[in-house]
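One structure is given below, encoded as structure tokens.
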Ligand SMILES: Nc1ncnc2c1ncn2[C@@H]1O[C@H](COP(=O)(O)OP(=O)(O)O)[C@@H](O)[C@H]1O
Ligand SMILES: [Mg+2]
């Protein structure tokens, strides 16, 4: 089977100066004295992962373990400090809730805005407009500014637009957990449809049951490193009871 995501020895460091430097002279003196003090934060270190076409891979780990950073590297939003990440095909990234939305605008306006951010033609969005409203269950809120919405409503809207066409790779970062039970079921159904159409899916979720239902393989990140990778049940059981 063909590899669609090939991550080789990826590390990601964020550099933050520990203290404020006011001028070039100070910078130069500190530089010569080797006193320049950066707080280097390693968000990911030496991650390697190969994902085949049609796989549904879950990523689990505590907050701050590097899950979103890894998804951003795969989506091309961040470039890794070291290593390489090769991706084949189109990606729909659902990474940050509300990214690509303008909260002052209405549902209707945001459907067109977000659709164009994702690269859809206006005519295509028009044609799909009703389907989006229905899937997101926002018909009654068509002309309401989305700043009034709950996070669940925003997630529904984002998911409905991002999954309008089948991308080669769908990335879902903690979005599904926001919606209610019925909406989660609908999303899972749509993800299942995509899987049968050959879409590769990467899911981050704190809802382990959801990971267990959907994923064929799971990666467990801990402190920016791969702690475990493999069979869904095996990794989830270990993740939930690491000391047993
Ligand atoms: N742009 C950034 N600048 C500095 N630190 C960051 C940045 N993005 C993420 N981090 C840090 O990297 C670590 C991993 O973050 P993240 O990938 O968001 O974790 P997760 O999604 O698993 O909760 C966190 O400690 C976070 O504070
Ligand atoms: Mg995250």
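Residue numbers (our numbering): 1 to 244. Glycine included, C-beta positions come from ideal geometry on N, C-alpha and C. This structure is a prediction, so every number in the text was calculated from the model and none was measured.
- Taken from the Cβ of residue 131, every heavy atom of ligand 2 lies 8 Å or farther away.
- Within 10 angstroms of the beta-carbon of residue 184 lie 16 or more other beta-carbons, which makes it buried.
- For the options 12, 244, 211, 127, the alpha carbon positioned closest to that of residue 48 is the one of 12.
- Ligand 2 has a heavy atom closer than 8 Å to the beta-carbon of residue 67.
- Residues of the same chain with a CB within less than 6 Å of the CB of residue 6, apart from the 5 flanking positions on each side, are 50, 86 in chain order.
- Per DSSP, residue 99 has no beta bridge partner at all.
- Under the DSSP assignment, residue 227 falls in the beta strand (DSSP E) whose first and last residues are 225 to 231.
- Not one heavy atom of ligand 1 falls within 8 Å of the beta-carbon of residue 172.
- Residue 145 is bridged by DSSP to 106.
- Scanning 44, 145, 100 for the CA closest to the CA of residue 108 turns up 145.
- Taken from the Cβ of residue 204, at least one heavy atom of ligand 2 lies inside 8 Å.
- In the three-state reduction of the DSSP assignment, residue 134 falls in the helix class, which pools H, G and I.
- Each residue's CA atom was taken as its position, placing residue 154 and residue 161 some 11 Å apart.
- Within 10 angstroms of the beta-carbon of residue 124 lie fewer than 16 other beta-carbons, which makes it exposed.
- Relative to ligand 1, the beta carbon of residue 115 is positioned no closer than 8 Å to any heavy atom.
- The way I'd put it, the segment 214 to 224 does touch the segment 49 to 67; three or more beta-carbon pairs between them come closer than 8 Å.
- Close CB contacts of residue 82 within its chain, under the 6 Å cut and outside five residues either way in sequence, are with 11 (chain order).
- CA-to-CA, the gap between residue 139 and residue 148 works out to about 15 Å.
- Taken through DSSP and simplified to helix, strand or coil, residue 207 comes out as coil.
- If you draw a 10 Å sphere on the C-beta of residue 24, you find fewer than 16 other C-beta atoms in it, and that means exposed.
- The continuous stretches of alpha helix (DSSP H) do not include residue 241, and DSSP gives it neither H nor E.
- For residue 164, the CB contacts under 6 Å within the same chain, skipping 5 residues up- and downstream, are 128 in chain order.
- In the structure shown, residue 180 adopts coil according to DSSP, grouped into three states.
- A distance criterion of 8 Å places the beta-carbon of residue 207 beyond contact range of ligand 1, judged by its closest non-hydrogen atom.
- Residue 53 and residue 44 have their C-alpha atoms roughly 24 Å apart.
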